[in-house]
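Participant: Questions regarding the structure given below will be posed in turn.
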Amino acid sequence: MAKQAREKITAWLTDAGLVVAPLNAPMPSNAEWGLLVATPPPLQVKLRVIGLKNGDVILSIGVNFSEQHREEVRKMPVEERVRFTAQLLERLIAVCPYCRVALNGSIDSPEAIVAEVLLSGDEVSRQRIMDGVARLVNLFLMVNAVLWERFPGTVAGKEPQSQSFI
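Going by my numbering, the sequence shown opens with residue 1118, and the numbers climb by one from there.
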């Protein structure tokens, strides 16, 4: 059953033009299989798809803040940092209200955002998988948009400012 689910989801993702490979990284203890998924160039966003032993599927992404953005945040007064982080989380939850969104670092010194979409076994379909992938890519773009909006001097002629890490 797990092999069939993995093969079916791999086919759906590949048919949609995504790059799919087996996940060779630590996974949760209740995971049965995992895939590393990336959007095609030029914007490569990396996601994980993890199949759990109970048939559920988790789609997840992590977005690291660049060192340059972390420095810019650290320059802000503490109250402003907290407000910035809270507003970022609020915007992300508005984009995906059913995503589990977590902050790595602290409220006054954010380092990364992690988001997951949990699909129960009976909800797993091509459409739900693709909707989840689209939402997580949108979360990646939202994090970058908020950082670029707040710190416009970090964009022009620079390397990508943040990257997905899951």
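All C-beta atoms, glycine included, are put in the ideal place defined by N, C-alpha and C. From a predicted model like this one, the values you see are computed outputs, not experimental measurements.
#1: The beta strand (DSSP E) spanning Ala1133 covers which residue range?
#2: Kindly indicate which residue of Asp1132, Gln1204, Val1234, Ala1119 has the alpha-carbon position closest to the one of Gly1179.
#3: Could you name each continuous beta strand (DSSP E) segment of 3 residues or more that falls completely within the stretch 1222-1283, going from the start of the chain to the end?
#4: If we ignore side chains and look at the alpha-carbon of each, how far apart do Val1254 and Pro1158 end up?
#5: Rounded to the nearest angstrom, what separates Ala1138 and Arg1191 at their Cα positions?
#6: Tell me whether the beta-carbon of Phe1182 lies closer than 9 Å to the beta-carbon of Gly1222.
#7: Using the rule of at least 16 other Cβ atoms within 10 Å of the residue's Cβ for burial, across every protein chain shown, is Tyr1215 buried or exposed?
#8: Can you give me the C-alpha to C-alpha distance between Met1247 and Leu1130, rounded to a whole angstrom?
#9: Counting only the same chain and skipping the five closest in sequence on each side, list residues whose C-beta sits under 6 Å from that of Ile1230.
#10: Excluding sequence positions up to five away, which residues of its chain have a Cβ less than 7 Å from the Cβ of Met1144?
#11: Is it buried or exposed, Val1250, if we count other Cβ atoms within 10 angstroms and call 16 or more buried?
#12: Can you tell me whether Ala1262 is buried or exposed, with buried defined as 16 or more other CB within 10 angstroms of its CB?
Facilitator: Inspection of the coordinates gives the following:
#1: Where Ala1133 is concerned, there is no enclosing beta strand (DSSP E), given that its DSSP letter is neither H nor E.
#2: Val1234
#3: 1226-1236, 1279-1281
#4: Distance from the CA atom of Val1254 to the CA atom of Pro1158, rounded to whole angstroms, is 13 Å.
#5: 37 Å
#6: yes
#7: exposed
#8: Roughly 8 Å separates the two Cα atoms.
#9: Val1180, Val1260
#10: The answer, listed in chain order, is Gly1151, Ile1167.
#11: When all chains shown are included, Val1250 counts as buried.
#12: exposed
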